[in-house]
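Sequential numbering of the sequence shown, starting at 72, is according to our numbering.
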Amino acid sequence: MDLSVLNMAAAAPGAEEAGSPFRQKLLHCCGSTRWVAEMSKRFPVRDFAELCQAADAVDASLTREDWLEAFAAHPRIGRTKGPIKEWEAQEQKATKNADDAVLDRLEELNNAYYKKFGYIYIVCATGKSAPEMLRILETRMDKRSEDELPVAAGEQSKITKIRLEKLLQE
Numbered sequence: 072m073d074l075s076v077l078n079m080a081a082a083a084p085g086a087e088e089a090g091s092p093f094r095q096k097l098l099h100c101c102g103s104t105r106w107v108a109e110m111s112k113r114f115p116v117r118d119f120a121e122l123c124q125a126a127d128a129v130d131a132s133l134t135r136e137d138w139l140e141a142f143a144a145h146p147r148i149g150r151t152k153g154p155i156k157e158w159e160a161q162e163q164k165a166t167k168n169a170d171d172a173v174l175d176r177l178e179e180l181n182n183a184y185y186k187k188f189g190y191i192y193i194v195c196a197t198g199k200s201a202p203e204m205l206r207i208l209e210t211r212m213d214k215r216s217e218d219e220l221p222v223a224a225g226e227q228s229k230i231t232k233i234r235l236e237k238l239l240q241e
């Protein structure tokens, strides 16, 4: 779907409806319904740079609850779920060939992270090896909750932009 098609979808009758195909496409990029509602108001856009600027502006307005909703749409590292399994599998492809010890430790720390922070570990996995994601997780486990949420939100923002780019390549 190129940008002109996305812009047309945004202008189509019913595009503002929560379950519209346009909004569903945006929801695949970020699981926050508020993010989707706010992003849908920013169309049409001229190019990918403007699309990313719009995403940044919307990200800056999100509340803790909005971020938690976005995080909840993700599978844990090493798993995939939902309608965008292919995207998730590409993003996490480094876990496919990872050593069992690394995967076991990732799972253990994923559980500890969830228990500590109340949401899953979010990392932009694209281009990262499983050991690298594990090292990042180990480092982030030492953070305080109020310090970790902005880090997780920043990772979500990176993921969102990658997915917006994938959406335009469909």
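Where a beta carbon is used, it is the ideal one built from N, C-alpha and C, also for glycine.
Going straight from the alpha carbon of residue i to that of residue j, what length do you get?
i: T104; j: A131; result: 15 Å
i: E219; j: C100; result: 22 Å
i: Y185; j: I191; result: 5 Å
i: K187; j: Q124; result: 32 Å
i: V173; j: K167; result: 11 Å
i: V116; j: L238; result: 14 Å
i: E109; j: L122; result: 12 Å
i: G90; j: S75; result: 21 Å
i: K214; j: D118; result: 37 Å
i: L139; j: S216; result: 13 Å
i: D137; j: S111; result: 16 Å
i: K96; j: D171; result: 35 Å
With a cut-off of 8 Å on the beta carbons, I'd call residue i and residue j a contact; round off their distance for me.
i: A223; j: F114; result: Actually they do not touch by this definition, with Cβ atoms about 27 Å apart.
i: L66; j: E203; result: Residue coverage of the chain in this structure runs from 72 to 241, which leaves residue 66 outside it and unanswerable.
i: I233; j: T197; result: 6 Å
i: G102; j: A144; result: 2 Å
i: A126; j: L235; result: 7 Å
Grab me the residues of residue i's own chain with a C-beta within less than 6 Å of its C-beta, minus the 5 sequence neighbours each way, in chain order.
i: F93; result: A80, A81 and A86
i: A83; result: none
i: L98; result: V107
i: C195; result: E226, K229 and I230
i: I193; result: F142, A223, E226 and Q227
i: A201; result: A165, T166, A169 and V173
i: E241; result: M72
Should residue i be listed as close to the ligand ATP, given that the test is whether its C-beta is under 8 Å from any heavy atom?
i: E87; result: Questions concerning the ligand ATP fall outside what the structure shown contains, since it holds no ligand whatsoever.
Keeping to the same chain, check which residues put their C-beta closer than 8 Å to that of residue i; ignore five residues upstream and five downstream.
i: L205; result: V173, R176, L177 and L180
i: R135; result: L220
Tell me, please, whether the CB atom of residue i is closer than 9 Å to any CB atom in chain B?
i: G198; result: The structure shown contains no chain B, having only a single protein chain.
In chain order, each alpha helix (DSSP H) run of at least 4 residues that lies wholly inside the segment 111-137
119-132
Start-end ranges of the beta strand (DSSP E) lying completely within the segment 178-203, minimum 3 residues:
none
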